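*Asks:* One structure is given below, represented as C-alpha cells, and several questions about it will come after.
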Amino acid sequence: MTMSYASAVELKGVVKRYNEILAVDHVDLTIKAGEIFGLLGPNGSGKSTTLKMLLGLVHPDSGSVSVLGTDVQKDSVGVKQLVGYVPESPRLYEFLTGIEYLDFIGDIYGVQTAEKKNRINEYLKALQLEGREGDMINSYSEGMKQKIALISAFLHRPKLLILDEPLSALDPRSARIVKDFLQELKTQGVTTIISTHVLEIAQALCDRVGIMYQGKLLALGNMDELRQMSKLPDSGLEDIFLKLTGTGDIRAVVEELLK
Amino acid sequence: MNWKNVLSLMQVDRKSGRLIRGRKLTKYRENKFFAYWAYWVALAIGLAVGVLVSLAYTSISAGDPNLQKPFQQGTLSLFLSLPTLVLIYSLVFTMMQQIQRSGVKFSVQVPYWLPITWQEHALASILANLLGFPLASIIFIGSAILIFSIVIGQILAAVLTVLAVCTAAFMASATTEVFRIVQMRFIGAVYKSTGRAAVWVRFVGSLLFFIVFYAGYFYVTSGAGAVTFIETIASAQSTVWFIPFVWLGMTLYSFTTPGLLLQGLAFLGLSLLFIAGLFFLAVLLNRRFGLYEPPAITVSRGIYTPKTGFLGKLGFSTVEAALFRKDFKAFTRRRELMTIFIVSIVLVLVPLMQSLSQTNGTVPPQLSVYLTAVTFLLPASVIAMSLGNFMIGEEGQAVWRIYSSPISAKNLMKSKYYFIIFFSLIVLAITGIFGFLMYHPSLRATIVASFETVFLVFALGAISLSNGIKGADFTEIPRPRMIRTSWSFINLAACLLAGIAMLAPFLPYVLSSALSAFIPVSIGWSALLDPFQALAVSAIIAIVLTVIFYRVALKNAKELIAKAEV
Numbered sequence: 001m002t003m004s005y006a007s008a009v010e011l012k013g014v015v016k017r018y019n020e021i022l023a024v025d026h027v028d029l030t031i032k033a034g035e036i037f038g039l040l041g042p043n044g045s046g047k048s049t050t051l052k053m054l055l056g057l058v059h060p061d062s063g064s065v066s067v068l069g070t071d072v073q074k075d076s077v078g079v080k081q082l083v084g085y086v087p088e089s090p091r092l093y094e095f096l097t098g099i100e101y102l103d104f105i106g107d108i109y110g111v112q113t114a115e116k117k118n119r120i121n122e123y124l125k126a127l128q129l130e131g132r133e134g135d136m137i138n139s140y141s142e143g144m145k146q147k148i149a150l151i152s153a154f155l156h157r158p159k160l161l162i163l164d165e166p167l168s169a170l171d172p173r174s175a176r177i178v179k180d181f182l183q184e185l186k187t188q189g190v191t192t193i194i195s196t197h198v199l200e201i202a203q204a205l206c207d208r209v210g211i212m213y214q215g216k217l218l219a220l221g222n223m224d225e226l227r228q229m230s231k232l233p234d235s236g237l238e239d240i241f242l243k244l245t246g247t248g249d250i251r252a253v254v255e256e257l258l259k
Numbered sequence: 260m261n262w263k264n265v266l267s268l269m270q271v272d273r274k275s276g277r278l279i280r281g282r283k284l285t286k287y288r289e290n291k292f293f294a295y296w297a298y299w300v301a302l303a304i305g306l307a308v309g310v311l312v313s314l315a316y317t318s319i320s321a322g323d324p325n326l327q328k329p330f331q332q333g334t335l336s337l338f339l340s341l342p343t344l345v346l347i348y349s350l351v352f353t354m355m356q357q358i359q360r361s362g363v364k365f366s367v368q369v370p371y372w373l374p375i376t377w378q379e380h381a382l383a384s385i386l387a388n389l390l391g392f393p394l395a396s397i398i399f400i401g402s403a404i405l406i407f408s409i410v411i412g413q414i415l416a417a418v419l420t421v422l423a424v425c426t427a428a429f430m431a432s433a434t435t436e437v438f439r440i441v442q443m444r445f446i447g448a449v450y451k452s453t454g455r456a457a458v459w460v461r462f463v464g465s466l467l468f469f470i471v472f473y474a475g476y477f478y479v480t481s482g483a484g485a486v487t488f489i490e491t492i493a494s495a496q497s498t499v500w501f502i503p504f505v506w507l508g509m510t511l512y513s514f515t516t517p518g519l520l521l522q523g524l525a526f527l528g529l530s531l532l533f534i535a536g537l538f539f540l541a542v543l544l545n546r547r548f549g550l551y552e553p554p555a556i557t558v559s560r561g562i563y564t565p566k567t568g569f570l571g572k573l574g575f576s577t578v579e580a581a582l583f584r585k586d587f588k589a590f591t592r593r594r595e596l597m598t599i600f601i602v603s604i605v606l607v608l609v610p611l612m613q614s615l616s617q618t619n620g621t622v623p624p625q626l627s628v629y630l631t632a633v634t635f636l637l638p639a640s641v642i643a644m645s646l647g648n649f650m651i652g653e654e655g656q657a658v659w660r661i662y663s664s665p666i667s668a669k670n671l672m673k674s675k676y677y678f679i680i681f682f683s684l685i686v687l688a689i690t691g692i693f694g695f696l697m698y699h700p701s702l703r704a705t706i707v708a709s710f711e712t713v714f715l716v717f718a719l720g721a722i723s724l725s726n727g728i729k730g731a732d733f734t735e736i737p738r739p740r741m742i743r744t745s746w747s748f749i750n751l752a753a754c755l756l757a758g759i760a761m762l763a764p765f766l767p768y769v770l771s772s773a774l775s776a777f778i779p780v781s782i783g784w785s786a787l788l789d790p791f792q793a794l795a796v797s798a799i800i801a802i803v804l805t806v807i808f809y810r811v812a813l814k815n816a817k818e819l820i821a822k823a824e825v
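Pasting the structure below:
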C-alpha cells in the first residue's frame with residue numbers, strides 16, 4: 001500500500017501543561033513529507049513532550065496532532081505502525097540478546113519472517129554488531145545499545161522516523177553510516193525528525209530546523225531563513241541558537257568561572 | 260593502613276543502605292542521632308534486660324540459695340556458646356545483606372581511581388558488613404551480659420565473652436567477604452550474564468537454598484530442636500575443635516576452666532592466625548578480582564533463524580506471540596521474577612514439614628484430604644495472583660517499547676493473561692503430581708481439586724491482572740518495584756474474597772468431613788454434599804468473575820496505553 005502525504009506531521013494550536021508548568025505553548029508546526037527536520041531547544045523547552053505527542057504517548061490538553069494523515073488521538077496504534085522511534089535514553093529488555101530483541105521488534109511490527117531475517121543481518125553487519133548479536137544486551141556498551149535501538153526503529157521501514165539524540169554514544173563510523181542512511185531514506189520519501197543538542201549535526205543534516213524555547217516554537221526555517229531571522233548573516237547554527245534563546249552571554253559566565 | 264580511609268569507606272557503605280531501603284536519592288539529609296538509632300535502642304534494651312535478669316536472679320537466689328550454682332553454671336554455658344552462636348547468625352545476616360545488595364540495580368563500585376589500598380578496602384567492607392543487625396545484637400548481648408556478670412561475679416568471663424563475640428562477628432564477616440569476592444568472580448558471571456546454563460544454575464541453586472532454609476527453619480521451630488540448639492553448640496564445640504570457626508569458643512572455654520590456660524593460649528593464637536588468614540585471603544581476592552567484570556555468556560550463536568511460531572497455531576497473533584516469548588525469557592532469566600516460583604515451593608514445603616513434624620512421617624486420611632487440597636489449590640492460585648500482580652510492572656523502564664509500538668490493549672491483555680494461565684497450570688501439574696504421590700488422595704478428590712484449581716487460576720489471573728495494570732510501577736532503581744504497595748494489598752484482598760466465594764460451595768462438604776469423626780452423616784446429607792455439585796457451582800462463579808474482570812483488565816490496559824506519559 002503506497003500513500004502520499006503533503007505533510008508528514010501537522011500540529012495545530014497544541015498546548016500541554018504539567019500542573020503549573022506549561023510544557024508546550026500553542027505550537028503550530030507542519031513538517032513536509034520527505035524532509036529531515038531538526039527540533040532544537042535548551043533542556044526543558046518542550047521538545048521531548050512534542051515528540052511524544054506525535055506518537056500519542058502524551059495527549060495534548062488542546063489542539064490537534066496529525067501524523068501521516070492520521071489523527072494521533074483517534075488511531076495511535078495505526079500511527080505507531082508507520083513510525084520508527086528512538087527515545088533519548090532507550091531502555092531495552094536487557095535480559096534478551098541483541099538478536100532476540102530485534103526479532104521481537106520485527107514481530108511486533110509484523111515484518112515477514114524472511115524479510116526480517118535479511119534486514120536484521122544487514123543492519124547488524126552495517127553497524128558492526130556481527131558476532132555480538134547473541135550476547136545479552138546487559139553486557140553491551142551504551143553505543144551498542146544505541147545501535148540496537150536505531151536498528152529497531154529502522155527495521156519495519158517506517159514512513160516517519162522520530163529520533164531523540166540518535167547519534168549519542170555512536171562511534172564515528174556508525175554515526176556516519178546513520179547520517180548517510182537518513183539522507184538515503186529522505187530520497188525514498190521517509191520523513192525524519194531529529195532532536196539533538198549537537199548543533200553541528202542538525203546544521204549538516206536537517207533541511208529545516210525548529211527552535212523551541214519555554215514551550216514555544218521560537219523560530220522555524222532553513223539555515224538562510226534562520227540567519228535572516230536572527231540577523232546573523234554569516235553565522236552557524238550555534239550562534240543563531242544562542243542568540244534566539246537568549247543564552248548568548250557565554251563569555252561572561254566563563255569569565256566568572258575563571259575568577 | 261590509613262584508618263581514616265577505612266572509616267570513610269564504611270560511611271559510604273552505610274549510606275549505600277539507602278538504596279536498599281529505597282530512600283529518595285535527592286535531598287537526603289541525615290540526622291546523626293537517628294542514623295544510629297538501632298544501636299542506641301540495642302544498648303538500652305541490653306542494659307534493661309541485664310538489670311531485669313539480675314533482679315530476677317537476686318530474688319530467686321535469696322529465696323533458695325541452692326539455685327545459685329546451677330544458675331551460674333547455666334550462665335557460663337551460655338557465655339561459652341555465644342561466640343559460636345554470634346558467628347553463625349552473623350554469617351547468616353552478613354550473607355543475607357550481600358544477597359540483598361546484589362538484588363539492587365546498581366551497587367557500590369570500588370573507587371579504584373582513589374588512593375585507597377586493597378587492605379583498607381577489604382577491612383572497610385568486612386566492618387561495614389557488620390553494620391545493622393549484627394552490630395546491634397552484639398551491643399545488646401554485650402551490655403546485657405556485662406550488667407548481669409557484675410551481680411553473679413563473673414566479670415572476667417563476661418569481658419572475655421564480649422571480646423570473643425566481637426571477634427567472632429569479625430570472623431563471620433571476613434568469611435562473607437571472601438565468599439562475596441568468590442561469588443563475584445565465579446558465580447557473578449553466571450548471575451550477570453544469564454546464559455542458558457546460568458538459568459538452570461540460578462534456578463536450581465535458588466530452589467536448593469530455599470528447601471534447605473525452610474527445612475532448617477521447621478526443624479528449629481518444631482519442638483525439641485530449638486531447646487537443644489544452644490546446649491548442642493556449647494557441648495559440641497569440644498568434639499569439633501579442629502574446625503577453625505569454633506576456636507574462639509574453645510578459647511573461652513579453656514580460659515574459664517581451671518587448668519586449661521595453656522590450651523586457651525594455644526586456641527587464642529590459632530584463632531588470631533585464622534582471622535588474619537581470612538583477612539589476607541579477602542585482601543588477596545579483592546586485589547585479584549575486586550574490579551573483575553564478568554564476561555557476557557553468549558546465549559545463541561550461528562546463523563540467525565527467526566521463530567516460525569508455534570503460538571501462532573494456537574491462535575495468537577504475531578504481536579501476542581512475540582510478547583509471550585519475550586515474557587517467557589524474562590521469567591527464566593530475571594532473578595527477581597524467578598523468585599515467584601519459590602513461592603510455590605514454600606507453599607508445598609510448609610504443609611509437608613508440618614505434617615511430618617506432627618505425624619512422624621505418616622499422614623492420616625483426614626489430614627491427607629486437607630494436605631491434598633492445599634498442595635493442589637494454593638501454589639497455582641498464588642502463582643496466578645502473583646503473576647497478575649507483576650506482569651505489567653515487570654516491563655520496567657523498557658515499557659516505552661510497549662507504548663511506542665503498534666500493540667493494542669487487546670494484544671497486551673491476551674499475551675499477558677494467557678501467560679499467567681500457562682505458567683499457573685504448569686505449577687498445578689507439578690504440585691498436583693507431588694500431592695498425589697505424597698498424600699495418595701482418591702481419584703474423586705484429585706479430579707475435584709484439579710478442576711477447582713483451574714477455575715481459581717482463570718478467575719484470580721483475571722482479577723490480579725486487572726489490578727496489576729492499574730497499580731503497575733515501572734520504577735527500576737534501586738530495584739524493580741513492579742507494583743505499587745497499595746495495589747498489591749488491594750489485589751490480595753480482592754483475590755482472597757474471590758477465592759472464598761469460589762470455595763464457599765465446598766463448605767458443607769468440608770464441614771461434614773470434619774464432623775464425620777464425631778457425628779455420623781446421614782445418607783440424605785451425603786447426596787447434598789457431593790463435591791462435584793459444589794464444583795459446578797464454583798465453576799459458574801469462576802466464569803462470572805473471569806468474564807467481568809477480564810473486561811475490567813482490558814479497560815485498564817486501554818487506559819494504560821492511552822495515558823502512557825513516560
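Protein chains in written order, with the working numbering: chain A, 1 to 259; chain B, 260 to 825. Glycine is no exception: its CB is placed at the ideal position from the N, C-alpha and C atoms. This one's a predicted model, so the numbers in the text were calculated from it and none came from an experiment.
(1) Could you compute how far the alpha carbon of Ile728(B) sits from the alpha carbon of Phe649(B)?
(2) Using a C-beta cutoff of 8 Å, does Lys588(B) count as contacting chain A?
(3) From this set, Leu724(B), Leu756(B) and Pro739(B), which residue's C-alpha is nearest Lys814(B)'s C-alpha?
(4) Start and end of the beta strand (DSSP E) containing Met212(A)?
(5) Could you tell me whether the region 732-751 of chain B touches the region 662-678 of chain B, where touching means 3 or more Cβ pairs closer than 8 Å?
(6) For the region 661-674 of chain B, which residues have a CB atom closer than 8 Å to at least one CB atom of chain A, in sequence order?
(7) Can you give me the Cβ contacts of Tyr450(B) inside the same chain, cut-off strictly under 6 Å, excluding the 5 residues immediately before and after it?
(8) Which residues in chain A sit within 7 Å of Thr577(B), going by Cβ to Cβ distance?
(9) Please confirm if Gln442(B) has its CB atom under 8 Å from at least one CB of chain A.
(10) Might you give, ordered along the chain, the residues of its own chain that have their beta carbon closer than 8 Å to the beta carbon of Gly571(B), omitting 5 neighbours on each side?
(11) List the whole-angstrom C-beta distance separating Leu29(A) from Lys159(A), where the pair is believed to meet the contact cut-off of C-beta under 8 Å.
(12) Looking at the C-beta of Pro172(A), does it have a partner C-beta in chain B at a distance below 8 Å?
(13) Look at Lys237(A) and Met223(A) and say whether their C-beta atoms are less than 8 Å apart.
(14) What's the gap between the Cα of Val312(B) and the Cα of Ala416(B)?
(15) Which first and last residues belong to the beta strand (DSSP E) in which Arg17(A) is found?
(16) Taking the beta carbon of Gly246(A) as the centre, do at least 16 other beta carbons fall within 10 Å, making it buried, or is it exposed?
(17) Any chance the region 395-415 of chain B sits against the region 300-312 of chain B, with 3 or more Cβ pairs inside 8 Å?
(18) Given a cut-off of 8 Å, decide if Ile722(B) and Asp732(B) are closer than it, judged by their beta-carbon atoms.
(19) Please report whether the beta-carbon of Arg592(B) lies at a distance below 8 Å from any beta-carbon of chain A.
(20) If you run the structure through DSSP and keep just helix, strand and coil, what is Ala33(A)?
(21) With 16 other CB atoms within 10 Å as the buried threshold, where does Arg176(A) fall?
(22) Are Val634(B) and Phe693(B) touching if we call contact CB-CB under 8 Å?
(23) So Ala387(B) and Met269(B) are in contact, right, with Cβ under 8 Å, and what is the actual spacing, rounded?
(24) Using a 10 Å radius around the Cβ and a threshold of 16 neighbouring Cβ atoms, would you call Tyr18(A) buried or exposed?
(25) For the alpha helix (DSSP H) that Tyr512(B) lies in, which residues bound it at each end?
(26) Below 8 Å between beta carbons: does that hold for Val14(A) and Gly63(A)?
(27) For Glu88(A), go through chain B and note every residue whose CB falls closer than 9 Å to its CB, in chain order.
(28) Starting from the Cα of Arg740(B), find the closest Cα among Glu595(B), Ala708(B), Phe682(B) and Ala704(B) and give me that residue.
(29) Mind pulling the chain A residues with CB within less than 7 Å of Ala657(B)?
(30) Taking all protein chains shown into account, decide if Gly454(B) is buried (16 or more other Cβ within 10 angstroms of its Cβ) or exposed.
(31) Inspect the beta-carbon positions of Gly84(A) and Cys206(A) and report whether they are closer than 8 Å.
(32) Leaving out the 5 sequence neighbours to the left and right, which residues in its chain are closer than 8 Å to Asp71(A) when beta-carbon positions are compared?
(33) Which residue from Ile201(A), Glu100(A), Thr50(A) and Ala202(A) puts its Cα closest to that of Lys263(A)?
(34) How should Lys822(B) be labelled, buried or exposed, when 16 other C-beta atoms within 10 angstroms of its C-beta is the threshold for buried?
(35) DSSP on Lys822(B), reduced to helix/strand/coil?
(36) Over what stretch of residues does the beta strand (DSSP E) that includes Val190(A) continue unbroken?
*Replies:* Short version:
(1) For this step, residue 728(B) is matched to residue 469 along the second sequence. For this step, residue 649(B) is matched to residue 390 along the second sequence. Ile728(B) and Phe649(B): Cα-Cα distance of roughly 9 Å.
(2) Here the question's residue 588(B) lines up with position 329 in the second sequence. Cβ-Cβ to chain A under 8 Å: yes for Lys588(B).
(3) For the purposes of this step, residue 814(B) is taken as residue 555 along the second sequence, with counting starting at 1. When each option's Cα is compared against that of Lys814(B), the closest is Leu724(B).
(4) Taking the first residue of the first sequence as 1, we reach residue 212(A) at position 212. Run containing Met212(A): Arg208 to Tyr213, per the beta strand (DSSP E) assignment.
(5) no
(6) Tyr662, Ser663, Ser664, Pro665, Ile666 and Ser667
(7) Within the second sequence, numbered from 1, the residue matching residue 450(B) stands at position 191. In this prediction, Tyr450(B) scores a pLDDT of 49, lower than 50, which makes its location untrustworthy; the coordinate-derived value is nonetheless stated afterwards. Taken in chain order, the list of residues that qualify is empty.
(8) Mapped onto the second sequence, residue 577(B) falls at position 318. Within 7 Å Cβ-Cβ: Asp107 and Gly110.
(9) In the second sequence, counting from the first residue as 1, residue 442(B) sits at position 183. With 8 Å as the cut-off, Gln442(B) does not count as an interface residue toward chain A.
(10) Sequence index remark: in the second sequence, residue 571(B) carries index 312 (1-based). Excluding residues within five positions, the ones whose Cβ falls inside 8 Å are Thr577 and Ala580.
(11) The residue labelled residue 29(A) in the question sits at position 29 within the first sequence. The residue labelled residue 159(A) in the question sits at position 159 within the first sequence. Not really, about 18 Å apart at Cβ, beyond 8 Å.
(12) Taking the first sequence and counting its residues from 1, the one referred to as residue 172(A) is at position 172. Against chain B, the CB of Pro172(A) has no partner CB under 8 Å away; the residue lies outside that interface.
(13) The sequence position of residue 237(A) within the first sequence is 237, counting from 1. The sequence position of residue 223(A) within the first sequence is 223, counting from 1. The identity of residue 237(A) in the sequence shown is Leu, whereas the question assumes Lys. In this structure, Met223(A) lies closer than 8 Å to Leu237(A) by Cβ.
(14) The count along the second sequence starts at 1 and reaches residue 312(B) at position 53. The count along the second sequence starts at 1 and reaches residue 416(B) at position 157. Computed Cα separation, rounded: 17 Å.
(15) Sequence index remark: in the first sequence, residue 17(A) carries index 17 (1-based). Looking at the DSSP string, the run of the beta strand (DSSP E) that includes Arg17(A) is Ser7 to Tyr18.
(16) Against the first sequence, residue 246(A) aligns to sequence position 246. With fewer than 16 Cβ atoms within 10 Å of its Cβ, Gly246(A) is classed as exposed.
(17) yes
(18) The residue given as residue 732(B) occupies position 473 in the second sequence. The residue given as residue 722(B) occupies position 463 in the second sequence. No.
(19) To locate residue 592(B), count along the second sequence from 1; it is residue 333. So yes, Arg592(B) belongs to the interface.
(20) Numbered from its first residue, the first sequence carries residue 33(A) at position 33. Note: Ala33(A) maps to coil in three-state DSSP.
(21) One-based indexing of the first sequence puts residue 176(A) at position 176. Its Cβ having fewer than 16 others within 10 Å, Arg176(A) is exposed.
(22) In the second sequence, counting from the first residue as 1, residue 634(B) sits at position 375. In the second sequence, counting from the first residue as 1, residue 693(B) sits at position 434. The sequence shown places Thr at residue 634(B), not Val. Less than 8 Å separates the beta-carbon of Thr634(B) from that of Phe693(B).
(23) Working through the second sequence from its first residue, we reach residue 387(B) at position 128. Working through the second sequence from its first residue, we reach residue 269(B) at position 10. That belief holds up - the Cβ atoms of Ala387(B) and Met269(B) are roughly 5 Å apart, short of 8 Å.
(24) Translated into positions along the first sequence, residue 18(A) becomes position 18. With fewer than 16 other Cβ atoms within 10 Å, it is exposed.
(25) By 1-based counting over the second sequence, the position of residue 512(B) is 253. Trp506 to Thr515 is the extent of the alpha helix (DSSP H) around Tyr512(B).
(26) For the purposes of this step, residue 14(A) is taken as residue 14 along the first sequence, with counting starting at 1. For the purposes of this step, residue 63(A) is taken as residue 63 along the first sequence, with counting starting at 1. Yes, the Cβ-Cβ distance between Val14(A) and Gly63(A) is below 8 Å.
(27) Within the first sequence, numbered from 1, the residue matching residue 88(A) stands at position 88. By Cβ distance, chain B contributes nothing, its closest Cβ being about 10 Å from Glu88(A), past 9 Å.
(28) For the purposes of this step, residue 740(B) is taken as the residue at position 481 of the second sequence. That would be Glu595(B), whose Cα lies nearest to the Cα of Arg740(B).
(29) Taking the first residue of the second sequence as position 1, residue 657(B) is located at position 398. By Cβ distance, chain A contributes Arg91, Leu92 and Tyr93.
(30) In the second sequence, residue 454(B) corresponds to position 195, counting from 1. Residue placement at Gly454(B) is poorly supported in this model, since its pLDDT is 48, which falls under 50; the coordinates still yield a value, given next. It counts as buried.
(31) The residue labelled residue 84(A) in the question sits at position 84 within the first sequence. The residue labelled residue 206(A) in the question sits at position 206 within the first sequence. Not in contact: Gly84(A) and Cys206(A) (Cβ atoms no closer than 8 Å).
(32) Residue numbering aside, residue 71(A) sits at position 71 when the first sequence is read from its first letter. Counting only Cβ-Cβ distances below 8 Å, and skipping sequence neighbours, we find Ser64 and Val65.
(33) This structure cannot speak to residue 263(A), because chain A is shown only from 1 to 259.
(34) In the second sequence, the residue the question calls residue 822(B) occupies position 563. So Lys822(B) counts as exposed.
(35) On the second sequence, position 563 is the one that residue 822(B) refers to. Residue state, collapsed to three classes: coil.
(36) As a working note, residue 190(A) is residue 190 in the first sequence. Looking at the DSSP string, Val190(A) is not in any beta strand (DSSP E), and its letter there is neither H nor E.
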